[in-house]
Structure formats: structure tokens, C-alpha cells
Amino acid sequence: MMTRIITMTLTVCICSSMYTADESDLRVFDDVAYAQDAARKTWQPMEGSPAVEITSFGGRKALLMACKFHGNRVERASWDRLGPIDMTACDGLTFLFHCPNPTPISGFSVYFRSGGGWYSGRFDAPAADGWTPIHIHKKSCSTEGQPTGWSKVDAIRISAWKARETDTAIRIARLALFGGRGPIVILRDETTAAKSADSAREITRYSETVAQCIERAGLDHIVLSDRDLTADRLKDRKILILPYNPQVPPATLDHIKTYLQSGGKLIVFFHLPGGLESLTAIRSGPFTPQPRPGYFASIHPSETPLKAMPPITAQASWNITEPAPASDKARIVAYWHSDDGRSTGKPAIAASDTAIFYSHVLIGDDLPNKTLLLLAMVGHLAPDLWQSAADRNIAQIAQVAHYTKLAPALADLKSRAAGRKIALDALDEAEKLATKAKSHRAANEFSEAILTAQSARAAMIDAWCAVQTARPNEHRAFWCHSAFGVEGMTWDQAIKTLADNGFTAILPNMLWAGVAYYPSNTLPTHASVAERGDQIQLCLDACRKYNVQCHVWKVNYNMGWAADRTFMQKMKDAARTQVSFSGAAEERWLCPSHPDNQTLEVESMLEVARKYPVDGLHFDYIRYPDRDHCFCPGCRSRFEARIGRKIAKWPADTRNDPNVEQLWLGFRRDQITRVVAEVAKRAREIRPGIRISAAVFQNWPIHRAAIGQDWRLWCERGDLDFVCPMNYTEQASHFQRMTENQLEWAAGVPVYPGIGLSTWPDRTDICRLIDQIHAARTVKTGGFTIFNYARPEAAEVVPRLGLAMTAP
Ligand SMILES: [Zn+2]
């Protein structure tokens, strides 16, 4: 076996943009310093996985975990490390990882058990011959069930999800906690998150957006659960942030008051807890919903602004809580403007020397200016934090793509530029700005140093974009989730932007299972069509004008958040909606086995092909929501009719009886496949040359069972002309590995893999996007599909790709 010396500094961090602890900052709690017996007691396999073994690799003791996937019905290989661990005062878990053959694995989950629930994070197997440090950040973890705080973690579970029926193995060593010493605390409202999955998602989203801006600003921070907050854990912290905390428990509020009384500072978004007026000099004013979309469009400094505030910060809010000064110690520092550029007169931000209140949650649009805005807020409350932020921002100028140091980065980019003027100009600019940033820093002009360093880094990124090369005859597409295209642009402008930058196709979401954004005879037409026009026609007109393909995207089975209530009720009354395994009604999902639903799915898509000269029809959600659906009475009777006998115990036998289970999974697959086949056949008769495509899940062997999506079969039968697996990962090597598997399954049908740009922590991360386009090119897909075409992507990403990578 080949052994290697551990080279911590040369290996790639999972999240290269994220703060990564150095070895000296680690608190190691498991160095695998035990014998085989103890290892097996500490690490317990889940059913279907073998016990761990102690091994040695790269000069370290390690755990070997065998993933037995061949001929094994398990979906994942899993091990639980038992034992309490207080994870309150850290940023997360790190461990050393090695996997010689990650191909059979679709991805990894790490779970932390706490009380009656779990925190869960994900990582992808890195491509490396030796040890790679993996970092699971607490702030990126989602919750399942009702975890009771990071102080109560009593088990860590590591799961490898199966992609192929091939055995493999992973090695793990040196488990440690990292970080957690930052001067800023972000408080996550887990009291509210525990109430519902929707609340949990919102809490995660808005805490992450704030964390991301703090991080982009070059500031260290820690995320604490409201359940874990104590006076001691706030001691010596400079700023406490409440990113979205609808409910502050009384004990937590007491800690916050004590903290403020002893000189702590507070930034609050949207919900200012009661009882803080005298301490913060700010109070909560009226709750104000938008009178029309676009009313709250951007934030502008008042005549008494914060120092170094950006002149305009875009944020499309739908409602606000108006901040108001409670005494003359506070003032309004920014106001809301509408999309027509006029001030609404509604206050956006109030500030005192102790606290800042922002009238809504922080939305992830316009991240560059959001970052500057947060930096201004932090600088107002704790000016000394600007100094370390300045140093980090200056260091980050060179940290673009794989570069780390400025001089070699400039030299390498200059040689790659090969005389191209745009690239050389950007490099000139970067060099000048970097020098300027350093001189501001030397003169203790910290906010200027930060702003200049960020501009220098932006110029470096421009240079990186400009030294790329385009590949001819590539299928370059964007999904567009809004039927109205890009906010703030007409369809004409949105499509022209794509065409100008070398994109060849758009997949606009024009219909769901319960709503259409064009005049439809099969589905309820959305009310906005009367006012804003036939969206397919408008999009298609622009596509014809600029020679961009239009593949109309339907969300199947799911009626959609904008579906008509009357229609949804009608479907429910007609027993056409889904029922879960446990008997819960799913109001938004149509039952895939109901013949009328199949007809509706098929006819609505054929209507599009009949009415409009579109280039293609694109399936999405062409599947069951999960394993737990659909178990409605209709599914039962149709299944029984098909197999010619009654099921004694419904629905339990579909899981407990292996024979029934196989028949059941096949029955589900057939319902979905029938719709795909019917649309493909008849759409081609209606409009010869039309192309049929689908957005599908990554891992066909698992998902054909889990969600009834047998897309390999659809490719083999010729029902699909191309397929777009949603390979949403942050890591290019993982993206490439998934795509390689999919090319095999697609059996010659083009695979234009989906790149999850808008699902990444930074939805404008152009360097990561370029890496993944390179990965698609490496495995010769002939194209790619990016999710999702919206305002930040149209403004920041598409023009940068068009500089060279996708230049027409
Ligand atoms: Zn059903």
C-alpha cells in the first residue's frame, strides 16, 4: 500500500471560501488511540454495515469503514460514534478523511444527535490520494426532529450514500472541534426551528445569509443555538446578532440584557425582542406589508448614515417591521426605495451606539453590497473589528481559483492572458488596487482598505474569467424558476443577456401541476397573466429574436405554491391528491397513479407543444416526492387490481413483504414512466423535431426505487432527447464523478448536467462555476444546465462567463 506524508496545507478544503482552522486551533477528541475492542464499542454500525476496524494509513492510526454495497439492500453505510460531546463553543467538526474509490458513493452525511433530534451536514468525497481534512460547519447544518442544542450532542453518525452496487471503503482519523473563538455571535432560533420543517428552513436560510456576509467581510464568528446561550458564552464577544429570531425565550432575553448592560453590542433583524428599548434606544414600529411587488426594492443611506455604507443595497423585501428611535440616542441611518428609484419614506435601519435594527431578514440577493452593509454595521458598533477584517481582506485578494499569493497569481495570470486586453487590464487594475489597499491599511484607514481590497479581488476574479477559453458547439442552458423571467428585466432583456454571453438555451418554468402562466385550457391560468401577458409567448418571441432555444419546463404532480385554492380543493375532493405512508393528506401533490392526473399531466404538456413553436418540453418533479408516497386508497385499489390480489396489511406489506415491495416499486415506476412515454410520443407527432428532456435526481439506482424515477429506462427507450441530472454539489470532483456515472446510465442520450450555482452558499461564485464547467468538459458532456437564472446570476455571473468561458 502506498503511504504518504500528511500535507495539511496542500490539501483542498471542502469549502475553499470558508474560514478553515489551522491545526493549532483544533481540540482533538478522538485520535483513534484505542484498541480494536474499544473501537467497536465506540463506533457502532447501523444495520447492514460491518464493524469498524483499526488500521494505519499515512503514518496515523485510523478507522477503516467498509461500505458493503454489492448485493446489499441498504441505501447507505453508517456508523455511530457514541459518547457525549459539547459542541457549543466551536464552529464545527473536522476530521481527516480518505477514500481510495469514491465512485460507488453519491455523497456523505454527518449527523449529530441531540435530544430528540439531529443536526445534519453533508460533504462530498474529495479527490485526493492522501488524507484530506473535512470540515462540517455547524451553521450549514440543517435540523431533523427536535435537537436540543449543540451542548447536548451524544452521538455522531457518518453515512456514505450508495450510488453503485460496488463495495468500497473509507478511512477516518483525528476527529476534532475547530474554531469558535470569533468576536461575533450569531444566535440561531432553534426554539422556532423545532416547530416545523418550514420554520427550520427559514431559520437556516436567514442565519446562513448573515453568516455568509460576515465571513465574506473577513470577520470571525460563531453560531450559537438560543438553547445554548449563557452569560459566560457571551463574555468577551463584541457583537451579538439575531438574524431571524421570532421567539426569544425569557432566559435567553435575560442573558442578552446582561450582555448589553456590560457593554455588549447587538444587531437585530426583523424581530426586535420586547424589553430592550431602554438598553438599545430603539423600538419596533409597525409591521408593514408591501402595497405592491417592487415597493421595497433597495436600501439607501439617510442623511445621517453609518460610515462606509454602500450607496445602494438591493433587497426585494415583501414586508418590514419599521424601526424607530426610542430616544435621541438612536437615529434612522437608511431608508427603503422602490423599484422606480423613489424613496418610500419607510425607515430601513436604525442605529444607536449599542444596537442596530434592520427592518427585515437579510435576503441573499446582492451579496456584495450586503457584505459591505454588514461591515458598516459591525464597524459602527465595534470599530476595532475593522482592523482584522482589513488584514484578512488584503490576504484574500489573491485567493481566487487555486491561487494563494498575489505575485505568483499575477505572473501566472499574465502568461495565461496571452495578450488578451480584457485580462491584462483587469490584472493591472488588481495590482493597483492591491497596492492602494495596503497603503490604506498602513495608514489605519480600515474601511477604505477593506473596500479597496474587495475591489482588487473582484478585478482578480475578472482576470481569471478573462483567461478562460470557450468550447465551440456547446449546449449552454439556464433553468429559470420564475415564469416572469429575471426580476427587473423584460424577457427580451433577459434572453438578450444570455445570447450576448454565449448561452444557447433557456428552460423557463411556465407550468405546474395546478397553474399555468399562459392562457391554458387544461390548467387554471394564473391571475397575473391577464395583466402581465402570456409568458410563454413573451419568452419565445425573445428566444426567436436572439436565436436561443426555448424548452418549456413543467413542474409535474406538484400543484405549486401559486396554485388556485379552489382547484386544489377540487382535486382533494375528487381523491386525486396524495396520502403519505402514515396517512397524512398532501394537499399540493397529485397522485401519480390516478388516471385523470396522468391525463392532466400529459394534456397540459401537449397543449404547450400545440400552441407554441417551442424547441422542447422539459419534465421536472417527474417522480414521487419520496418513499413515503403515495398510499392513497386509489393507489391501493389500482395496485391490487394490477397484481390481481388483495394486500392484507396496507400499507405495511409494501415494506415488510419483499415480494410485495418489489411489485409495489415497479408499479410506482410505471405510473411515472407512462406519462413520460406518452408525452414524448405524442409531442413528436404534434411538432416533429421537438426535444423532450427531464431534470432528474443524481443517483439513478437509488432513486428509481426511492422516488420511482427510472430515467435510465427513459433514455434507453428513446423517450428523452437529453437529460439534466441535478448534480448540485459545491465540489467539482464530486460533480464530475456523478456525471461520469450518469453518462453511462444515459446510454448515449446527451447528459447536460445541472450545476447548482444558486444552491451554493454564494450564488455568484463564478470560480466554482468555472471549475464545474471544466469538469463537464473533461468528461465531454457537450453542455451543461445552470440553476437558476435570476437577478444576481444575470447581473454578476452571466457577463463574467461571457468574457471568455462561454464567449459566443
Ligand atoms: Zn395515490
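Just so we're aligned: the sequence shown equals residues 273 to 1080 in the numbering used here.
Even for Gly, the Cβ is constructed at its ideal location relative to N, Cα and C.
None of the values given here were measured: they were computed from a predicted structure.
Self-check item: Alpha-carbon spacing of residue 307 relative to residue 326, whole angstroms
Solution: Numbered from its first residue, the sequence shown carries residue 307 at position 35. Numbered from its first residue, the sequence shown carries residue 326 at position 54. So the two alpha carbons sit approximately 7 Å from each other.
Quiz item: Cα separation between residue 608 and residue 635?
Solution: Within the sequence shown, numbered from 1, the residue matching residue 608 stands at position 336. Within the sequence shown, numbered from 1, the residue matching residue 635 stands at position 363. Each residue's alpha carbon lies about 14 Å from the other.
Exercise. Could you pull out every unbroken beta strand (DSSP E) segment of at least 3 residues lying fully inside the stretch 763 to 828, listed in chain order?
Key: 777 to 783 and 821 to 827
Practice problem: Ignore the nearest five residues each way along the sequence and tell me which others in residue 951's own chain have a CB closer than 6 Å to its CB. | Solution: Locating residue 951 in the sequence shown gives position 679, where the first residue counts as 1. Counting only Cβ-Cβ distances below 6 Å, and skipping sequence neighbours, we find 874 and 877.
Self-check item: heavy atom of ligand 1 below 7 Å from residue 308 C-beta
Solution: Numbered from 1 along the sequence shown, position 36 holds the residue referred to as residue 308. Not under cutoff, so the answer is no.
Quiz item: So does the stretch 584 to 595 actually touch the stretch 637 to 648, counting three or more Cβ pairs closer than 8 Å?
Solution: yes
Quiz item: So, do the stretch 738 to 756 and the stretch 770 to 781 have three or more beta carbon pairs nearer to each other than 8 Å?
Solution: yes
Quiz prompt | Span separating the alpha-carbon of residue 305 from that of residue 395 | solution = Position 33 of the sequence shown, counted from the first residue, corresponds to residue 305. Position 123 of the sequence shown, counted from the first residue, corresponds to residue 395. If you take the alpha carbons of residue 305 and residue 395, they lie about 25 Å apart.
Quiz item: Given 8 Å as the limit, is there contact between the stretch 998 to 1010 and the stretch 367 to 387, that is, 3 or more CB pairs closer than that?
Solution: yes
Exercise. Kindly examine ligand 1 and report whether one of its heavy atoms sits closer than 7 Å to the Cβ of residue 821.
Key: Position 549 of the sequence shown holds residue 821. The answer is no for residue 821.
Exercise. Buried or exposed for residue 571, please, with buried defined as at least 16 other CB atoms from any protein chain shown within 10 angstroms of its CB.
Key: For the purposes of this step, residue 571 is taken as residue 299 along the sequence shown, with counting starting at 1. Flag for residue 571 reads buried.
Exercise. In angstroms with no decimal places, state the Cα-to-Cα distance between residue 964 and residue 881.
Key: Reading the sequence shown from its first residue, position 692 is the one you call residue 964. Reading the sequence shown from its first residue, position 609 is the one you call residue 881. Roughly 11 Å separates the two Cα atoms.
Quiz item: How would you write the range of the alpha helix (DSSP H) that residue 537 sits in, first residue to last?
Solution: Here residue 537 refers to the residue found at position 265 of the sequence shown. First-last for residue 537: 537 to 541, but that is the beta strand (DSSP E), not the alpha helix (DSSP H).
Quiz prompt | Span separating the alpha-carbon of residue 969 from that of residue 683 | solution = If you number the sequence shown from 1, residue 969 lands on position 697. If you number the sequence shown from 1, residue 683 lands on position 411. Distance between the alpha carbons of residue 969 and residue 683: 42 Å.
Self-check item: C-alpha distance - residue 649 paired with residue 658, whole-angstrom precision
Solution: Reading the sequence shown from its first residue, position 377 is the one you call residue 649. Reading the sequence shown from its first residue, position 386 is the one you call residue 658. If I take the Cα positions, the gap works out to 11 Å.
Quiz prompt | Residue closest to residue 998, alpha-carbon to alpha-carbon, out of 1058, 785, 1053 and 899 | solution = In the sequence shown, residue 998 corresponds to position 726, counting from 1. Cα-wise, what sits closest to residue 998 is 1058.
Self-check item: Delimiting residues of the alpha helix (DSSP H) encompassing residue 752
Solution: Residue mapping note: residue 752 aligns to position 480 of the sequence shown, counting from 1. Where residue 752 is concerned, there is no enclosing alpha helix (DSSP H), although the beta strand (DSSP E) it sits in stretches over 747 to 752.
Exercise. May I ask which residues mark the beginning and end of the beta strand (DSSP E) holding residue 388?
Key: Translated into the one-based positions of the sequence shown, residue 388 becomes position 116. Per DSSP, residue 388 belongs to the beta strand (DSSP E) from 388 to 395.
Quiz item: Using the rule of at least 16 other Cβ atoms within 10 Å of the residue's Cβ for burial, across every protein chain shown, is residue 980 buried or exposed?
Solution: The count along the sequence shown starts at 1 and reaches residue 980 at position 708. By the 10 Å Cβ count, residue 980 comes out buried.
Quiz item: Does DSSP put residue 485 in a helix, a strand or coil?
Solution: Within the sequence shown, the letter at position 213 stands for residue 485. The answer is helix: DSSP assigns residue 485 an H, G or I state.
Quiz item: Alpha carbon to alpha carbon, what distance is there between residue 605 and residue 574?
Solution: As a first step, residue 574 is located in the sequence shown; it is residue number 302 there, counting from the start. As a first step, residue 605 is located in the sequence shown; it is residue number 333 there, counting from the start. For residue 574 and residue 605, the distance between alpha carbons rounds to 5 Å.
Exercise. Put residue 572 into one of helix, strand or coil per three-state DSSP.
Key: Locating residue 572 in the sequence shown gives position 300, where the first residue counts as 1. In the structure shown, residue 572 sits in a strand (DSSP, three-state: E or B).
Exercise. Confirm, please, whether the CB-CB distance from residue 1028 to residue 1001 is below 8 Å.
Key: Working through the sequence shown from its first residue, we reach residue 1001 at position 729. Working through the sequence shown from its first residue, we reach residue 1028 at position 756. In contact: residue 1001 and residue 1028 (Cβ atoms closer than 8 Å).
Exercise. Examine the Cβ distances between the stretch 1036 to 1047 and the stretch 552 to 563 and report whether three or more of them are shorter than 8 Å.
Key: no
Exercise. Just tell me which of 1016, 398, 996 and 1068 has its CA closest to the CA of residue 1056.
Key: Within the sequence shown, residue 1056 is the residue found at index 784, counting from 1. Out of 1016, 398, 996 and 1068, 996 has the C-alpha closest to the C-alpha of residue 1056.
Quiz item: According to the Cβ coordinates, are residue 685 and residue 730 closer than 8 Å?
Solution: Mapped onto the sequence shown, residue 685 falls at position 413. Mapped onto the sequence shown, residue 730 falls at position 458. Their beta carbons are not under 8 Å apart, which means residue 685 does not touch residue 730 by this criterion.
Quiz item: Going by the C-beta, is residue 1030 closer than 7 Å to any heavy atom of ligand 1?
Solution: Numbered from 1 along the sequence shown, position 758 holds the residue referred to as residue 1030. Not so, every heavy atom of ligand 1 lies at least 7 Å from the Cβ.
Quiz item: Out of 340, 403 and 338, which has the shortest C-alpha to C-alpha gap to residue 369?
Solution: The count along the sequence shown starts at 1 and reaches residue 369 at position 97. Here the closest residue by C-alpha is 403.
Quiz prompt | Burial state of residue 869, where buried means 16 or more other Cβ atoms lie within 10 Å | solution = Within the sequence shown, residue 869 is the residue found at index 597, counting from 1. Its Cβ being crowded by 16 or more others within 10 Å, residue 869 is buried.
Quiz item: Between residue 1020 and residue 794, what straight-line distance do the alpha-carbon atoms span, to the nearest angstrom?
Solution: As a working mapping, residue 1020 is identified with position 748 in the sequence shown. As a working mapping, residue 794 is identified with position 522 in the sequence shown. If you take the alpha carbons of residue 1020 and residue 794, they lie about 34 Å apart.
Quiz item: Where do the ends of the beta strand (DSSP E) carrying residue 1009 lie?
Solution: Taking the first residue of the sequence shown as 1, we reach residue 1009 at position 737. First-last for residue 1009: 1004 to 1017, but that is the alpha helix (DSSP H), not the beta strand (DSSP E).
Quiz item: At a cut-off of 7 Å, is residue 870 close to ligand 1 when judged by its beta-carbon and the heavy atoms of the ligand?
Solution: Locating residue 870 in the sequence shown gives position 598, counting from the first residue. Not under cutoff, so the answer is no.
Exercise. Per DSSP, which residues does residue 651 bridge with? Please list them.
Key: As a working note, residue 651 is residue 379 in the sequence shown. None, per the DSSP bridge assignment.
Exercise. Mark residue 1013 as exposed unless 16 or more other C-beta atoms lie within 10 angstroms of its C-beta, in which case mark it buried.
Key: Here residue 1013 refers to the residue found at position 741 when the sequence shown is read from its first residue. By the 10 Å Cβ count, residue 1013 comes out buried.
Quiz item: What's the gap between the Cα of residue 312 and the Cα of residue 430?
Solution: Numbered from 1 along the sequence shown, position 40 holds the residue referred to as residue 312. Numbered from 1 along the sequence shown, position 158 holds the residue referred to as residue 430. The alpha-carbon atoms of residue 312 and residue 430 are separated by roughly 15 Å.
Self-check item: Segment contact, 8 Å Cβ cut-off, at least three pairs: the stretch 839 to 855 with the stretch 895 to 902
Solution: yes
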